[in-house]
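Undergrad:
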Amino acid sequence: MSIDWPAVHSEALDVLRQYLKIDTSNPPGNEAAAARYLGGLLAVEGIECEFIQTAPGREAIVGRLRGDGSRGGALMLANHLDTVPADPTGWTSPPFEAEVRAGRVYGRGAVDMKGTGVMHLFAVLLAKRHGLRLARDLIFLAAPDEELGSGWGIEWLIRERPDLFDGVAFTLNEGASGVPEFAGRSAHLFEVAISEKELAPLRIVATGVAGHGSKPARDSATVRLLDALNRLRRWQRGITYTPETRAYLDRLQAAGLLDDLSDRAGVEAAISASPDTVAAFTNTLNVTVLRAGSQSNVIPGRAEALVDCRLLPGQSRDAWVAEVAAVIGDPLVQVSLEYPSSAPVVVSPWDTEVSRVITQVLTETFEDAVVLPSSSIVGTDNRFIRPLGIPAYGFIPCLLSQEERDGFHAHDEFLTVENLNLGVEVMYEVVRRLCEVQSSVAR
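Mapping to numbering that gives the first Met the number 0: the sequence shown position 2 is 1, numbers consecutive.
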């Protein structure tokens, strides 16, 4: 039975708009309403569903289509229900009205990650509607609390409901996408994340002499901190060459997207064309929180900054702390990890059925598609799933423009209708080829 894709596209847009109108800003989350909305869409099709409360007002939804097991363990489509908050004063369209304008769907969560959640949802709905003979279970999991660390989300589910992950062979989640250009060259370049950068948030504390605000400061903690942060701002960090980043560059050259790799200046110029690409090739730091005095007439004796840092796989957190402290070069400024312990980064294998199917589908969709393994520059729920021994892949099947990628956690977040349509079609085809009984996969 052929699929009426224009009708599916229209339905998916309606579903995404309704989903975006449900405010799941975290904090506080309150994802139960969103879980019930998605679960209702699954249940009306006769799909087995379970709602799991992880905290008051917070729920996960698990939907399952059962297969005969002839191709092994289940495929889990995992996504998160919550979003970061949105200050409406910074938006040109209200963040929870899901306005469609000039081929774009605006709303908090459009790209992070309610749009992908809808792609997952429709892969399951279409599999059910079209009677796919499944050779493995197909699981839809939408969890709360990803944006604040997943303590009431995937991490809670793994601890309290480990049965949900029993028999799962692999997982698709967020973490990487396609882009329509690279270093000024038109391309259909798709990344599939097999690992992610390690979180290494820093606390930088400067001490000085407290005093009355009416007197010139003799040794100001705030000035000392600002000087330290300015040194970090001026710190020039080039590409970090690791086995993973070298392999990535080799693949870009093989695809004709990079020229002479021995020309390091040229390579770095190409990488620097996009902040997303820069982040994939170097350890990053961004000052996100500043704290000092409590009132204007008191010179504080202490000032601190919190700095978001993300390290490439294989990099040492302790060595990073020492490197940052050396750049600051002030014994009265202390640098420490905000969270001293960190689980080791687990890398999923690349040469698998999942990567082969994704590559096949994308190269059939775009003749010149380039599909590369990568390390996600952001933290995702995959970091909790991979240590279970389950290969977990970050795959958003869209060609996100730089403007769309800049919308993550920002004002005027949007997903183009064209990308929604592409994602729904590609995700379904990937799922079909991974899950359908072998004799009926090729069509």
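C-beta: ideal position from N, C-alpha, C; glycine also.
Sort P274, N296, L331 and D22 by Cα distance to R223 and report the nearest one.
TA: Here residue 223 refers to the residue found at position 224 of the sequence shown. The shortest C-alpha separation from R223 is found at L331.
Undergrad: Let me check understanding here. Comparing Cα to Cα, which of Y427, G422 and Q437 lies closest to G114?
TA: Looking up residue 114 in the sequence shown gives position 115. Among Y427, G422 and Q437, the Cα nearest to that of G114 is on G422.
Undergrad: Grouping DSSP H, G and I as helix and E and B as strand, with all else coil, what is S213?
TA: Walking along the sequence shown from the start, residue 213 turns up at place 214. Residue state, collapsed to three classes: coil.
Undergrad: Since Y105 sits in a beta bridge, which residues does DSSP pair it with?
TA: On the sequence shown, residue 105 is found 106 positions in, with the first residue counted as 1. Per DSSP, F413.
Undergrad: Can the beta-carbon of L140 be found closer than 9 Å to that of A77?
TA: Along the sequence shown, read from residue 1 onward, the residue named residue 140 stands at position 141. Along the sequence shown, read from residue 1 onward, the residue named residue 77 stands at position 78. Taking 9 Å as the Cβ cut-off, L140 and A77 qualify as a contacting pair.
Undergrad: For R263 and L248, what's the separation of their Cα atoms in angstroms?
TA: Reading the sequence shown from its first residue, position 264 is the one you call residue 263. Reading the sequence shown from its first residue, position 249 is the one you call residue 248. Going by the C-alpha atoms only, they are around 11 Å apart.
Undergrad: On the premise that F50 lies in contact with E58, defined as a C-beta separation below 8 Å, what is that separation, rounded to the nearest angstrom?
TA: Here residue 58 refers to the residue found at position 59 of the sequence shown. Here residue 50 refers to the residue found at position 51 of the sequence shown. With 8 Å as the limit, E58 and F50 qualify as a contact, their Cβ atoms being about 5 Å apart.
Undergrad: Of all the options A168, V425 and A182, which has the alpha carbon lying nearest to the alpha carbon of L257?
TA: Residue 257 sits at position 258 when you count from the first residue of the sequence shown. Nearest option by C-alpha distance: A182.
Undergrad: Taking 9 Å as the threshold (C-beta atoms), are G177 and L399 in contact?
TA: Walking along the sequence shown from the start, residue 399 turns up at place 400. Walking along the sequence shown from the start, residue 177 turns up at place 178. Cβ distance < 9 Å, so L399 and G177 count as in contact.
Undergrad: Write down the C-beta distance between I389 and V167 rounded to the nearest angstrom, noting that I regard them as a contact closer than 8 Å.
TA: Locating residue 389 in the sequence shown gives position 390, where the first residue counts as 1. Locating residue 167 in the sequence shown gives position 168, where the first residue counts as 1. Between V167 and I389 the Cβ distance is about 5 Å, and since that is below 8 Å, they are a contact.
Undergrad: With 16 other CB atoms within 10 Å as the buried threshold, where does H211 fall?
TA: In the sequence shown, residue 211 corresponds to position 212, counting from 1. H211 is exposed by the Cβ-count criterion.
Undergrad: Could you give the residue range of the beta strand (DSSP E) that holds G174?
TA: Reading the sequence shown from its first residue, position 175 is the one you call residue 174. Looking at the DSSP string, the run of the beta strand (DSSP E) that includes G174 is V167 to F181.
Undergrad: Who are the near neighbours of L433 in its chain, counting only those whose CB is closer than 6 Å to its CB and skipping five residues on each side?
TA: One-based indexing of the sequence shown puts residue 433 at position 434. Taken in chain order, the residues that qualify are L74 and V356.
Undergrad: Assuming T82 and S24 make a contact with CB atoms under 8 Å, what is their CB distance in whole Å?
TA: Taking the sequence shown and counting its residues from 1, one reaches residue 82 at position 83. Taking the sequence shown and counting its residues from 1, one reaches residue 24 at position 25. Going by Cβ atoms, the distance from T82 to S24 rounds to 6 Å, so yes, they are a contact pair.
Undergrad: Quick one: is W234 buried, meaning 16 or more other Cβ sit within 10 Å of its Cβ, or exposed?
TA: Stepping through the sequence shown from its first residue, residue 234 is reached at position 235. The residue is exposed, with fewer than 16 neighbouring Cβ atoms inside 10 Å.
Undergrad: Pair every Cβ in the segment 341–360 with every Cβ in the segment 379–386, then say whether three or more of these pairs are closer than 8 Å.
TA: Enough Cβ pairs lie closer than 8 Å, so yes.
Undergrad: To which residues of the same chain is G116 closer than 8 Å at the C-beta, ignoring the five residues directly before and after it?
TA: For the purposes of this step, residue 116 is taken as the residue at position 117 of the sequence shown. Once the five neighbours on either side are set aside, the close Cβ partners of G116 are Y18, L37, N78, H79, L80 and A141.
Undergrad: List the endpoints of the continuous beta strand (DSSP E) containing E303.
TA: Locating residue 303 in the sequence shown gives position 304, where the first residue counts as 1. Looking at the DSSP string, the run of the beta strand (DSSP E) that includes E303 is R301 to L310.
Undergrad: What ranges does the beta strand (DSSP E) occupy inside the segment 96–147, keeping only unbroken runs of at least 3 residues that lie completely in it?
TA: Runs found: 103–105 and 137–142.
Undergrad: Just the C-alpha distance for A101 and L310, rounded to the nearest angstrom, thanks.
TA: As a position in the sequence shown, residue 101 is number 102, starting the count at 1. As a position in the sequence shown, residue 310 is number 311, starting the count at 1. C-alpha separation (whole angstroms): 38 Å.
Undergrad: DSSP three-state label for G71, please.
TA: Numbered from its first residue, the sequence shown carries residue 71 at position 72. In this structure, G71 counts as coil in the three-state DSSP scheme.
Undergrad: Can you give me the Cβ contacts of R184 inside the same chain, cut-off strictly under 7 Å, excluding the 5 residues immediately before and after it?
TA: Your numbering for residue 184 matches position 185 in the sequence shown. These residues qualify, in order along the chain: L256.
Undergrad: Looking at L336 and R202, is the spacing between their C-beta atoms short of 9 Å?
TA: Position 203 of the sequence shown, counted from the first residue, corresponds to residue 202. Position 337 of the sequence shown, counted from the first residue, corresponds to residue 336. In this structure, L336 lies closer than 9 Å to R202 by Cβ.
Undergrad: Would you identify the three-state DSSP class for L198, choosing helix, strand or coil?
TA: Start at 1 with the first residue of the sequence shown, and residue 198 comes out as number 199. L198 falls in the strand class under three-state DSSP.
Undergrad: Decide if K214 is buried, meaning its Cβ has at least 16 other Cβ atoms within 10 Å, or exposed.
TA: The count along the sequence shown starts at 1 and reaches residue 214 at position 215. K214 should be labelled exposed.
Undergrad: What residues in its chain sit with their C-beta under 7 Å from that of T283, if we drop five residues either side in the sequence?
TA: Position 284 of the sequence shown, counting from 1, holds the residue named residue 283. Answer for T283: C308 and R309, listed in chain order.
Undergrad: With H, G and I counted as helix, E and B as strand and the rest as coil, what does DSSP make of P242?
TA: Counting from 1 along the sequence shown, the entry for residue 242 is found at position 243. Reduced to three states, the DSSP call for P242 is helix.
Undergrad: Which whole-angstrom value describes the C-beta separation of E424 and W4, a residue pair presumed to lie in contact below a C-beta threshold of 8 Å?
TA: Along the sequence shown, one-based indexing puts residue 424 at 425. Along the sequence shown, one-based indexing puts residue 4 at 5. Going by Cβ atoms, the distance from E424 to W4 rounds to 6 Å, so yes, they are a contact pair.
Undergrad: State the beta-bridge partners of G62 as determined by DSSP.
TA: The sequence position of residue 62 within the sequence shown is 63, counting from 1. Its beta-bridge partners are C48 and F139.
Undergrad: Where does the unbroken beta strand (DSSP E) through N25 begin, and where does it stop?
TA: As a working mapping, residue 25 is identified with position 26 in the sequence shown. First-last for N25: undefined, no H or E at that position.
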